[in-house]
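Colleague:
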Amino acid sequence: MDLSLENKKIELIQWLSTLNDTSLIDKLMKLREKEKNDWWNEISASEKESIEKGIQDADNGKLTSHSNVKGIYEKWL
Numbered sequence: 133m134d135l136s137l138e139n140k141k142i143e144l145i146q147w148l149s150t151l152n153d154t155s156l157i158d159k160l161m162k163l164r165e166k167e168k169n170d171w172w173n174e175i176s177a178s179e180k181e182s183i184e185k186g187i188q189d190a191d192n193g194k195l196t197s198h199s200n201v202k203g204i205y206e207k208w209l
């Protein structure tokens, strides 16, 4: 794991251990709960269907290279 990431985690832990602001702690807890939610449960049925079709296509080797797609859509980018 990246050392700077580890240092950031330690710094956050130290900061959290000194917090006394309950409203800030509550906000952090809500953020944590939101992050726990599975995005799959938040998307529509058509989005799920589209993702599943894409996975099935990829599993079957029906892929288009990035360079081909870029060439097709380049005029809009």
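Here the numbering used here is used: the first residue of the sequence shown is 133, the next is one more, and so on.
Quick reminder that beta carbons are idealized off the backbone N, C-alpha and C, glycines included.
What do you reckon, are the CB atoms on L151 and I157 nearer than 7 Å?
Modeller: Taking 7 Å as the Cβ cut-off, L151 and I157 qualify as a contacting pair.
Colleague: What residue range does the alpha helix (DSSP H) around T154 cover?
Modeller: Its alpha helix (DSSP H) spans residues T154 to K168.
Colleague: In angstroms with no decimal places, state the Cα-to-Cα distance between K207 and T196.
Modeller: 18 Å
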